[in-house]
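Let me begin by presenting the structure, written as structure tokens, before commenting on it.
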Amino acid sequence: MATPPSSTPANSPLEVFFSYAHEDEGLRDKLANHLKLLERQGVIKKWHDRQILPGSEWKGQIDGHLESAHIILLLISSDFLASDYCYDVEMTRALQRHDAKEAIVIPIILRPIDNWNKSPFGKLQALPTDGKAITTWSNQDEAFTNVAQGIRRVAEAFNSGSSAADTTPQPTVTPPPSPPSPSPLMSQTNTGNSTGWQINVSGGTVNIGHPPQL
Numbered sequence: 254m255a256t257p258p259s260s261t262p263a264n265s266p267l268e269v270f271f272s273y274a275h276e277d278e279g280l281r282d283k284l285a286n287h288l289k290l291l292e293r294q295g296v297i298k299k300w301h302d303r304q305i306l307p308g309s310e311w312k313g314q315i316d317g318h319l320e321s322a323h324i325i326l327l328l329i330s331s332d333f334l335a336s337d338y339c340y341d342v343e344m345t346r347a348l349q350r351h352d353a354k355e356a357i358v359i360p361i362i363l364r365p366i367d368n369w370n371k372s373p374f375g376k377l378q379a380l381p382t383d384g385k386a387i388t389t390w391s392n393q394d395e396a397f398t399n400v401a402q403g404i405r406r407v408a409e410a411f412n413s414g415s416s417a418a419d420t421t422p423q424p425t426v427t428p429p430p431s432p433p434s435p436s437p438l439m440s441q442t443n444t445g446n447s448t449g450w451q452i453n454v455s456g457g458t459v460n461i462g463h464p465p466q467l
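Structure representation (structure tokens):
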């Protein structure tokens with residue numbers, strides 16, 4: 254059973270799992286380079302399937318790291334969505350762990366895709382900012398830096414005991430003012446030894462049930 258992120262020992266690097274299509278290996282390597290400083294600082298340790306040693310059972314390795322990762326990056330492209338293994342196995346399990354608060358899943362939009370925000374991961378805040386695909390940036394280093402900064406913020410919030418949801422600004426909702434309590438239509442009055450009723454009407458009140466006082 255995977256160790257939930259909340260029980261990660263203090264100062265231990267967070268495991269970051271790359272879920273990607275092999276057609277996007279070059280973009281994955283560029284992202285990994287931009288995350289290298291976080292690795293050197295002991296904030297994260299990254300893992301992807303190219304680290305599987307020859308002779309190892311690859312599915313078991315992938316499944317094991319998918320279960321132990323604290324942060325799971327979905328490197329989104331048309332090839333990712335076309336891959337049955339990426340979509341049906343890795344993404345599905347990643348979202349299950351995210352919903353169970355066992356891991357944080359971050360979609361990274363590598364290349365433009367139509368209507369990706371309607372996909373199962375569309376409910377999650379994506380990187381780069383506003384989900385603008387990395388390959389559409391005029392300077393891709395700026396795009397990868399934007400992604401690295403976002404992952405750093407998540408890792409820092411993680412280590413401080415907050416969740417990704419905790420760091421997302423929530424709109425302030427001001428409840429509407431309570432309407433004034435209406436005056437009762439009728440109220441009982443006492444005058445001397447007699448009891449009457451007072452009826453509230455527009456512009457004043459009318460006393461009934463006892464004679465006017467002289």
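Residue numbers (our numbering): 254 to 467. Glycine included, each C-beta is placed from N, C-alpha and C at the ideal position.
Given a cut-off of 9 Å, decide if residue j and residue i are closer than it, judged by their beta-carbon atoms.
i    : j    : result
F374 : V358 : yes
E320 : R346 : yes
K385 : I362 : yes
F271 : L328 : yes
I366 : L280 : no
I315 : E343 : yes
K283 : Q393 : yes
L334 : P360 : no
Let me confirm a value: residue i is counted as buried when at least 16 other C-beta atoms fall within 10 Å, else exposed. Which label applies?
i    : result
E409 : exposed
W369 : buried
S330 : buried
L291 : buried
S391 : exposed
R293 : exposed
A356 : buried
H318 : buried
N446 : The predicted model places N446 with a pLDDT of 47, which falls under 50 and marks its position as unreliable; any figure quoted below should be read in that light. By the neighbour-count rule (16 or more Cβ atoms within 10 Å), N446 is not buried but exposed.
Report back the beta-carbon spacing between residue i and residue j to the nearest angstrom; my notes put them in contact at under 8 Å.
i    : j    : result
D337 : E276 : So it is not a contact: roughly 14 Å between Cβ atoms.
L326 : V269 : 6 Å
H323 : L267 : 4 Å
If you compare alpha carbons, which of the options is closest to residue i?
i    : options                : result
R364 : F397, I325, L290, I315 : F397
A285 : W300, Q294, A274, V296 : W300
T382 : K371, A335, E395       : E395
S265 : Q402, G295, L291       : G295
D341 : A322, Y273, G317       : Y273
K354 : Q402, L288, K312, G414 : G414
K376 : L348, Q402, T389       : L348
In the DSSP assignment, what are the bridge partners of residue i?
i    : result
E409 : Paired residues: none, contrary to the question.
K354 : DSSP output for K354 lists no bridge partner at all.
F271 : L326
I361 : L328, L380
W300 : F270
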